[in-house]
Amino acid sequence: MKYITLTLFLTSLVFSKSKTEKIIEDFLIARYSGDTTKVKEMVSEDFLYKNVPYSGLNFTTENENGNFVVTGYINKLDTINISSIGIGDTIHEIDNKRIDELILPITGPINSTIKMIVTKSGDTTFNTEIAKLARIQVKEDVTSFLYNISEYNSQWYEFDLNIIQILSKKNISMVYYKWNGIKNKDGPIYEFYRMEYIKTDRKTGLVKSLEGLWSQTQFLDQLK
Numbered sequence: 001m002k003y004i005t006l007t008l009f010l011t012s013l014v015f016s017k018s019k020t021e022k023i024i025e026d027f028l029i030a031r032y033s034g035d036t037t038k039v040k041e042m043v044s045e046d047f048l049y050k051n052v053p054y055s056g057l058n059f060t061t062e063n064e065n066g067n068f069v070v071t072g073y074i075n076k077l078d079t080i081n082i083s084s085i086g087i088g089d090t091i092h093e094i095d096n097k098r099i100d101e102l103i104l105p106i107t108g109p110i111n112s113t114i115k116m117i118v119t120k121s122g123d124t125t126f127n128t129e130i131a132k133l134a135r136i137q138v139k140e141d142v143t144s145f146l147y148n149i150s151e152y153n154s155q156w157y158e159f160d161l162n163i164i165q166i167l168s169k170k171n172i173s174m175v176y177y178k179w180n181g182i183k184n185k186d187g188p189i190y191e192f193y194r195m196e197y198i199k200t201d202r203k204t205g206l207v208k209s210l211e212g213l214w215s216q217t218q219f220l221d222q223l224k
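Counting from 1, position 197 in the sequence shown corresponds to residue 197 in this note's numbering; the numbering is continuous, with no gaps.
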């Protein structure tokens, strides 16, 4: 696996990088290189990665015989947001479309309603249930984060990482970067831009948390 790292900060390139900027640069390179050993050394034991939020339904499913069976919830439910869809329930239709007719993922404005035809777990009676799209943000601990960066890296033949800007205040930094990669030699190029908050421990320099920021892409998804 190869990588190219280019850096551009608000300050002139003639100035040396700060300790925090060097930590962030090394962390991002190790992350996208799939170097789980290096990343594990750089994060705290209570590290938390908050993925880029999106608008969607707050449950996970598996496809079973052409229907969706609910397997769990993404964000924790509270006493205010109690779901009418339970684990083990089967979804047969969404907004008057069979599951095999759907265009996935399901998108729209937060709090917009989605109509579903459902059979409850252990029952064969068809019911109409209404769910609302919510702001979903998947959270990962150290173990999950390390597994996912390894899986992501294994998909790519080569990539470039261009760190465009880092802004820091105390122990919180905002990093803006561009990533592009190919899955095989001479294959098509895939790319994305991303902004993330990175929080470090001021004493140890370990990365405590990483959070992806809501962008125009997530906004436009709500208009589809």
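Yeah, the Cβ is synthetic: ideal placement off N, Cα and C, and Gly gets one too.
All values derive from a computational prediction rather than experimental measurement.
Inset, instruction - Mind checking which residues open and close the beta strand (DSSP E) that includes residue 46? - result: Taken as a continuous stretch (DSSP letters only), the beta strand (DSSP E) holding residue 46 covers 43-50.
Inset, instruction - To the nearest angstrom, report how far apart residue 211 and residue 133 are at their CA atoms. - result: Between the alpha carbons of residue 211 and residue 133 lies a distance of about 21 Å.
Legend entry - Reduced DSSP secondary structure (H/G/I, E/B, other) of residue 124: Here DSSP, grouped into helix, strand and coil, assigns residue 124 to coil.
Legend entry - Buried or exposed by the 16-neighbour rule on C-beta atoms within 10 Å, applied to residue 98: exposed
Legend entry - N-terminal and C-terminal residue of the beta strand (DSSP E) that residue 63 is part of: 60-64
Legend entry - Residues near residue 198 by beta carbon distance below 7 Å, same chain, minus five either side: 24, 173, 175, 207, 210
Inset, instruction - Using beta-carbon positions only, say whether residue 20 and residue 204 come within less than 8 Å of one another. - result: no
Inset, instruction - Could you tell me the boundaries of the beta strand (DSSP E) in which residue 71 lies? - result: 67-72
Inset, instruction - Would you mind reading off the limits of the alpha helix (DSSP H) that contains residue 200? - result: Not the alpha helix (DSSP H): residue 200 falls in the beta strand (DSSP E), residues 190-200.
Inset, instruction - Take every Cβ of the segment 43-54, pair it with every Cβ of the segment 140-149, and state whether three or more of those distances are shorter than 8 Å. - result: yes
Legend entry - Same chain, Cβ closer than 6 Å to residue 18, five either side skipped, listed in chain order: Contacts found: none.
Legend entry - Cut-off 7 Å between Cβ atoms - residues of its own chain near residue 85, not counting five sequence neighbours on either side: Closer than 7 Å at the Cβ level, and outside the excluded window around residue 85, lie 59, 70, 118, 129, 131.
Legend entry - residue 47 versus residue 55 - alpha carbon distance: Residue 47 and residue 55: Cα-Cα distance of roughly 25 Å.
Inset, instruction - Would you identify the three-state DSSP class for residue 75, choosing helix, strand or coil? - result: coil
Inset, instruction - Measure the Cβ-Cβ separation of residue 167 and residue 179 and say whether it is below 8 Å. - result: A distance of 8 Å or more separates the beta carbons of residue 167 and residue 179.
Legend entry - residue 24 - containing alpha helix (DSSP H), residue span: 19-32
Inset, instruction - Under 7 Å Cβ to Cβ from residue 72, same chain only, skipping five residues before and after it: list those, please. - result: Excluding its 5 nearest sequence neighbours in each direction, residue 72 has C-beta neighbours in its own chain below 7 Å: 59, 60, 87, listed in chain order.
Inset, instruction - Going by DSSP, name the residue or residues bridged to residue 141. - result: Beta-bridge partners of residue 141 (DSSP): none assigned.
Legend entry - Sheet register partners of residue 211 (DSSP bridge): 50, 197
Legend entry - Rounded C-alpha distance that separates residue 107 from residue 62: In a straight line, the C-alpha of residue 107 is about 18 Å away from that of residue 62.
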